[in-house]
Amino acid sequence: MEKRIMLGNDAIARGAYEAGVKVSSAYPGTPSTEISEFLAKYDEVYTEWAPNEKVALEVAAGACIAGVRSMACMKHVGLNVASDPLYTLAYTGVNAGLVIVVADDPGIASSQNEQDTRMIARSAHLPVVEPSDSNEAKEFFKYAFELSERYDTPVIFRTTTKLSHSQSIVEIGERVVPEDRTYERSVPKYVMMPASAIARHRVVEAREDRMAEEGATFEINRIEWQDKRVGFITSGIAYQYVKEAAPTASVLKLGVVNPLPKRLVEEFISQCDTVYVFEELEPVIEEQVRAWGHDVKGKELFTKQGEYSANMLRRVLYGAEEIKAAPDVPARPPILCPGCPHRSVFSVLNKLKIHAAGDIGCYTLGAVAPLNVIDTTVCMGSSISILHGMEMAKGKEYIRNWVATIGDSTFLHTGINSLINMVYNKATGTVMILDNRTTGMTGHQEHAATGKTLKGEDTYAIDLAALCRSVGVARVIEIDAFDVDGLERVIKESNAGDELTVIIAKAPCALLKGQTFPNRCVCDTEKCKRCGACLKIGCPAITKNTDGTVKIDETMCNGCGLCMKRCRFDAIKQVPKV
Amino acid sequence: MNIMVVGVGGQGTLLTSRIIGKTALAAGYDVKLSEVHGMAQRGGSVVTFVRFGERVYEPVVEEGEVDVLVSFERLEALRYAHFLKKDGVMIVNDTRIDPMTVVIGAKSYPEGIIEQLSAEHRVYSIDGAAVARELGNSKVLNTVVLGVAAKHIGFSEEEWLGVLAATVPAKTVEINTRAFKRGYEGKA
Chain A
-5 MEKRIMLGND
5 AIARGAYEAG
15 VKVSSAYPGT
25 PSTEISEFLA
35 KYDEVYTEWA
45 PNEKVALEVA
55 AGACIAGVRS
65 MACMKHVGLN
75 VASDPLYTLA
85 YTGVNAGLVI
95 VVADDPGIAS
105 SQNEQDTRMI
115 ARSAHLPVVE
125 PSDSNEAKEF
135 FKYAFELSER
145 YDTPVIFRTT
155 TKLSHSQSIV
165 EIGERVVPED
175 RTYERSVPKY
185 VMMPASAIAR
195 HRVVEAREDR
205 MAEEGATFEI
215 NRIEWQDKRV
225 GFITSGIAYQ
235 YVKEAAPTAS
245 VLKLGVVNPL
255 PKRLVEEFIS
265 QCDTVYVFEE
275 LEPVIEEQVR
285 AWGHDVKGKE
295 LFTKQGEYSA
305 NMLRRVLYGA
315 EEIKAAPDVP
325 ARPPILCPGC
335 PHRSVFSVLN
345 KLKIHAAGDI
355 GCYTLGAVAP
365 LNVIDTTVCM
375 GSSISILHGM
385 EMAKGKEYIR
395 NWVATIGDST
405 FLHTGINSLI
415 NMVYNKATGT
425 VMILDNRTTG
435 MTGHQEHAAT
445 GKTLKGEDTY
455 AIDLAALCRS
465 VGVARVIEID
475 AFDVDGLERV
485 IKESNAGDEL
495 TVIIAKAPCA
505 LLKGQTFPNR
515 CVCDTEKCKR
525 CGACLKIGCP
535 AITKNTDGTV
545 KIDETMCNGC
555 GLCMKRCRFD
565 AIKQVPKV
Chain B
462 MNIMVVGVGG
472 QGTLLTSRII
482 GKTALAAGYD
492 VKLSEVHGMA
502 QRGGSVVTFV
512 RFGERVYEPV
522 VEEGEVDVLV
532 SFERLEALRY
542 AHFLKKDGVM
552 IVNDTRIDPM
562 TVVIGAKSYP
572 EGIIEQLSAE
582 HRVYSIDGAA
592 VARELGNSKV
602 LNTVVLGVAA
612 KHIGFSEEEW
622 LGVLAATVPA
632 KTVEINTRAF
642 KRGYEGKA
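Order-wise, the sequence lines are chains A and B.
By our numbering, the letter at position 169 of the first sequence is numbered 163, and the numbering carries on one by one without gaps.
By our numbering, the letter at position 184 of the second sequence is numbered 645, and the numbering carries on one by one without gaps.
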């Protein structure tokens, strides 16, 4: 059998392929993004980027009702957006299997919060399957479809950052496509009006009870009996830490973490002297086990925050071991790339002392020194509505030194709703769409305004300016993101005026493929007056020499010229790259 | 065997880890890698791990447990030196990239890093960029550094070169092979 080393997300895509999935819809979000990118490489599977997670889940639901195995992928906060269809799809159930991949981010590597998907799954009464390495990711994914069809329910497939973004060995299998299921019209099952929903709610509860009862027989829930003095109940990546730190302990490894297989859990607890529940984030398993009247150890020892590790467990089990402290050296936080068009926009906003209601994307980095422009970041699309709320609370004068900044992909995700709200409710603020022609932070995914599909096919590219005009924004200005003088002028005019304005600052992401950068910038140290104006744009290619003059790294610089525009002494010029 | 590859986002730490992982897989070991994606990649401090052996559970390596630490930048070598085992080996690409905290004057870049690290660890410091330039392609810096590290990780030169050839773009196989050999044969 062929063995490959695969990223967790690659293995999930492989699992989908082998499970015979025919339709997948998703919106990018770290750490889930690569699942769709890997899946798109299989010609037999229709894959797409949807504008947001709600749309993605509904597309997957439609495909499943039509009778083919289907899936949607998202990050944990994406599930919030998709929660409207989620809760009701739990009632309708499925026709062919439906699996929703949700990637949690314990440790907040690239997110705005640390919520636990299992909590949402419990309130929606949906089963959750959770793998602990890449091979399980692939195998459990196929199993998730079997559960979905056997119990007539969507299944949440939960992964976490460490699982999605670590690689381990996978045994490759064949694709097996089940026969399409026949669609039969059923108002009681698929039309959730009150009479149907009341009846289906009973079905949901009965199903969950049945799964909890039969969970002891699921092959992915297993007990590894060893030394019975210490037992661990665990799942997902945390299982690996248990095996590393307590290799002789007994382990109840749960592949289905909701509903819990009560019989199996109680059998395990009854035979162990001490039982630890070792789960990252919320005490989801622990609280249920305690509610059944069992004394287990859990969150009083293990934090609800961040990622776990084997060392963390060792410290609890075997006492404090001397941990080598991290040295006190200058931090290196992430930063906007050299040549990033967002930097140009933020440098203008910084100069004008304007506050920005920010959004989700690389441009969140506009919040930190030396740009210091972004004041709020909450969720996808929120920049526009937050600016609107401020104006409705305090009036136009209050927001004359504010703008909303939002990326092109984020604008199409949920920003457009907020803009419609501004038009409808007679707002007058300034919205800046930072159009870099891609979904940048997640690694350059296409979207509805780029003209390409996930499969790389040509498609219609939504014209953002025309879209804004069509919902009633009379004043829409398109401008080159590197035209700092022009930007300064239109931002001043817009904030001085009393008309809702959308400024679309356009320039491709500096990392977007297919671009050539013929020039680079150099500093003439003879002319440099050590004023530091160029350093205020926060470009990582620019550093200070020991004498206080400036040096521009030739390999990092791509000649965007922003520093040159900020230099009042003509010390910086563009030269051709060799 | 626990390996840690660190650097600044964009320096190619990920690709280097993947080549190490594939070589261990080809040699028949159980392998796990841990990577960093998303916002953290944008010019920030990037850490990746490779572990291989008969059976590997945890995909990350913890403080004091690293056998070979590869750093593509000096300050990053200092930042993660405490991950090294007592008898661990450190390969440092001797270059300086100022973090924004230094650029804006909030912090200063530590002096004498290599000397400080050499006092406590076995450190191999190389000017990968100079070797790469000499070879005629600045992009093969990582391969030069990998070559130096490979000597301390194990496997034969043929095993490494086989995986390298299968991983890098076809038209760069020749230059990457030369770059690897420069490092592996101790001429970097």
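Glycine included, every Cβ here is placed at the ideal spot set by N, Cα and C.
Keep in mind it's a predicted model, so treat the numbers as computed, not measured.
Using the C-alpha atoms, what's the distance from residue j back to residue i?
| i | j | result |
| --- | --- | --- |
| B:V507 | A:A387 | 43 Å |
| A:S264 | A:R223 | 11 Å |
| A:S403 | B:G489 | 43 Å |
| A:L246 | A:S376 | 42 Å |
| A:N305 | A:A239 | 7 Å |
| A:K291 | A:T297 | 12 Å |
| A:C334 | A:H70 | 28 Å |
| B:E537 | B:E646 | 25 Å |
| A:Y233 | A:M0 | 19 Å |
| B:E618 | A:S142 | 49 Å |
| B:V529 | B:V550 | 5 Å |
So for residue i, helix, strand or coil by DSSP?
| i | result |
| --- | --- |
| B:T509 | strand |
| A:V467 | coil |
| A:H159 | coil |
| B:L625 | helix |
| B:G549 | strand |
| A:F340 | helix |
| A:P570 | strand |
| B:M465 | strand |
| A:I575 | Here chain A comprises residues numbered -5 to 572, so residue 575 of chain A is not present and cannot be evaluated. |
| A:V397 | strand |
| A:S142 | helix |
| A:T433 | strand |
| A:R152 | strand |
| A:V278 | helix |
| B:Y570 | coil |
| A:C554 | coil |
| A:F272 | strand |
| A:V178 | The displayed chain sequence assigns Glu, not Val, to residue 178 of chain A. Coil at A:E178, not helix or strand. |
| A:Y137 | helix |
| B:V590 | The sequence shown places Ala at residue 590 of chain B, not Val. In the structure shown, B:A590 sits in a helix (DSSP, three-state: H, G or I). |
| A:T41 | strand |
| A:A66 | strand |
In the DSSP assignment, find the alpha helix (DSSP H) that holds residue i and state where it starts and stops.
| i | result |
| --- | --- |
| B:L539 | 535 to 541 |
| A:E218 | No alpha helix (DSSP H) contains A:E218, which is instead part of the beta strand (DSSP E) from 216 to 218. |
| B:N637 | 634 to 645 |
| A:R308 | 304 to 312 |
| A:N74 | 70 to 75 |
With a cut-off of 8 Å on the beta carbons, I'd call residue i and residue j a contact; round off their distance for me.
| i | j | result |
| --- | --- | --- |
| A:V96 | A:I150 | 6 Å |
| A:A55 | A:Y21 | Actually they do not touch by this definition, with Cβ atoms about 15 Å apart. |
| A:I400 | A:D353 | 4 Å |
| A:C557 | A:C515 | 6 Å |
| B:I481 | B:V527 | Actually they do not touch by this definition, with Cβ atoms about 13 Å apart. |
| A:Y11 | A:V39 | 6 Å |
Output needed for residue i: all residues of its chain with C-beta closer than 8 Å, excluding positions within five of it in sequence on either side, in chain order.
| i | result |
| --- | --- |
| A:I380 | A351, T370, V372, A398 |
| A:E276 | D110, R112, M113, K298 |
| A:G445 | D452, T453, Y454, A455 |
Enumerate in chain order the residues of its own chain whose CB-to-CB distance from residue i is below 7 Å, with the five nearest sequence positions on each side excluded.
| i | result |
| --- | --- |
| A:I378 | A398, I400, G409, S412, L413, M416, V425 |
| A:E493 | T422, A468, R469 |
| A:C331 | A504, L505 |
Under DSSP, the beta strand (DSSP E) around residue i begins and ends at which residues?
| i | result |
| --- | --- |
| A:D221 | 221 to 228 |
| A:E52 | Here A:E52 belongs to no beta strand (DSSP E); instead the alpha helix (DSSP H) covers 47 to 59. |
| A:S19 | 17 to 20 |
| B:E576 | Not the beta strand (DSSP E): B:E576 falls in the alpha helix (DSSP H), residues 574 to 581. |
| B:V529 | 527 to 532 |
| A:A243 | 243 to 247 |
| A:Y233 | Element bounds for A:Y233: not the beta strand (DSSP E) but the alpha helix (DSSP H), 231 to 239. |
| A:D369 | 368 to 370 |
Between residue i and the ligand HEM, is there a pair consisting of the residue's CB and a ligand heavy atom that are separated by less than 8 Å?
| i | result |
| --- | --- |
| A:A200 | Looking for the ligand HEM in the displayed structure turns up nothing, as the structure carries no ligands at all. |
Closer than 6 Å by C-beta to residue i: which residues in its own chain qualify, once you throw out the five before and the five after it? Chain order, please.
| i | result |
| --- | --- |
| A:P364 | K530, G532 |
| A:K523 | F563 |
| B:L443 | Outside the modelled stretch of chain B, which goes from 462 to 649, sits residue 443 of chain B, for which no answer is possible. |
| A:N344 | L365, V367 |
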